[in-house]
Amino acid sequence: MPKPSPKLEWCVVRLGDDLNWWVSEISDSVRWDVDGLSIIDPRQLAHILDLLDPLREYGFQADTFEAAFLPFIIKEALPGNKVKLIRAHESLLESEEKLFALPDQVDEEKGPYADLLDHITKLRVKFLNDAIDFDKHLTVDDLEEEIREDHHNAFLEGRALHAFQEITDILEYVPAGFEVDEEAEESHDEPGSKKKGEEEAAEDIPEVEDENIVEDETMKWDEDDDKDKEKEEGEEGPGPGDEKIEDLDALDDDEEEDDDKDKDDDEDEDDEDEDEDGERKKPKSSAKHPAPKKSGKKK
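Here you go:
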């Protein structure tokens, strides 16, 4: 099938609530319907390429993958979480640029994108039959039947199916009750080579998504923050709560000083009375109380 019209030179994409990118405008509106038209962003593309690595040993065709998408690159950011993309004439598998991949879905049943889905489905079934000891070999129909059921449920719920989910549902499919050993998948990678997805995973899409903060030596750890906080508190003086505590302590000290002063004054007065009368007078508080009367009858 021939490629779409060369009029398709740009498109405007928006970031949806599901954090996926969807096409809102396109230069070739005659052949392309933007209703539910999804596009794969650079990070999603890197993840797909990682998932494809185990399938290279089973006959993965790079040309089929390249033909299934139209590459785009960012031109400018627009208001309202939108970005304008322009066509890029580079390979999705070899380019070092951060490319968006628009699935060629002009013909949904027989187009290049449909061919890719069929291709990776067959390879995934081969891989699973090799990696898992099934009592009965897994077939393409088994895989498609289960995935289509999930997609049909999404359609009934009114949710559009994004291309990234459609592809990863195939590449990550494992029958219920089974699991694939991660070492089995990694063993199919080329020895000594670094995955392209791993190289790009740490990179960010410029002016599109929030950048991941990478810690460096200029950043402070929690312990340093605590030390700095204690240092600042020492320089600035006590806080409001500390001032209240100090005020209460000062009041207690004043009361103790007053008590000691009163005690000293009483002692001085007693000394003066003793000098004048020749004998010490007892404080009023120590005066004898009259003896209690006896309650019994006289004999």
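Residue numbering for the sequence shown follows the working numbering, starting at 199 and increasing by one per position.
Built from N, CA and C at the ideal position, the CB exists for glycine as well.
DSSP state of residue i mapped onto helix, strand, coil
{"i": "Ala286", "result": "coil"}
{"i": "Arg357", "result": "coil"}
{"i": "Glu274", "result": "strand"}
{"i": "Ala374", "result": "coil"}
{"i": "Leu253", "result": "helix"}
{"i": "Asp330", "result": "Reading off the sequence shown, one finds Ile at residue 330, where the question assumed Asp. Here Ile330 sits in coil by DSSP."}
{"i": "Leu336", "result": "coil"}
{"i": "Lys280", "result": "strand"}
{"i": "Leu300", "result": "strand"}
{"i": "Glu342", "result": "helix"}
{"i": "Val323", "result": "helix"}
Residue i burial status per 10 Å Cβ neighbour count (16 or more: buried)
{"i": "Val228", "result": "exposed"}
{"i": "Ser289", "result": "exposed"}
{"i": "Leu354", "result": "exposed"}
{"i": "Ala361", "result": "buried"}
{"i": "Cys209", "result": "buried"}
{"i": "Val338", "result": "exposed"}
{"i": "Arg357", "result": "exposed"}
{"i": "Arg346", "result": "exposed"}
{"i": "Asp310", "result": "A small fix is needed here, since residue 310 is Pro in this sequence, not Asp. Classification for Pro310: buried."}
{"i": "Phe332", "result": "exposed"}
{"i": "Phe325", "result": "buried"}
Whole-number beta carbon distance between residue j and residue i, since they are thought to touch under 8 angstroms
{"i": "Phe263", "j": "Leu217", "result": "That pair is no contact at about 24 angstroms."}
{"i": "Ile271", "j": "Glu295", "result": "6 angstroms"}
{"i": "Lys260", "j": "Leu291", "result": "Position check: residue 260 holds Ala in this sequence, whereas Lys was assumed. Sure, about 6 angstroms apart at Cβ, within 8 angstroms."}
{"i": "Ala266", "j": "Asp302", "result": "6 angstroms"}
{"i": "Leu268", "j": "Leu300", "result": "4 angstroms"}
{"i": "Asp231", "j": "Leu206", "result": "Not really, about 13 angstroms apart at Cβ, beyond 8 angstroms."}
{"i": "Leu297", "j": "Ala286", "result": "6 angstroms"}
Close-in-space but distant-in-sequence residues of the same chain around residue i (CB under 6 angstroms, 5 per side omitted)
{"i": "Ser236", "result": "Trp220, His360, Ala361"}
{"i": "Glu274", "result": "Lys282"}
{"i": "Leu446", "result": "Low confidence applies here, because Leu446 scores a pLDDT of 46, under 50, leaving its location unreliable and the question unanswered by this model."}
Same chain only: Cβ atoms within 7 angstroms of residue i, ignoring 5 sequence neighbours per side
{"i": "His349", "result": "Leu359"}
Other residues of its chain near residue i: CB distance less than 8 angstroms, five sequence neighbours each side excluded
{"i": "Thr366", "result": "His245, Ile246, Leu249"}
{"i": "Arg322", "result": "Leu253, Leu341, Ile368, Leu369, Tyr371"}
Check: residue i C-beta below 8 angstroms from any heavy atom of the ligand MG
{"i": "Asn327", "result": "No copy of the ligand MG appears in this structure; indeed no ligand is present at all."}
Is it true that the region 274-289 meets the region 245-257, where meeting means three or more beta-carbon pairs spaced less than 8 angstroms apart?
no
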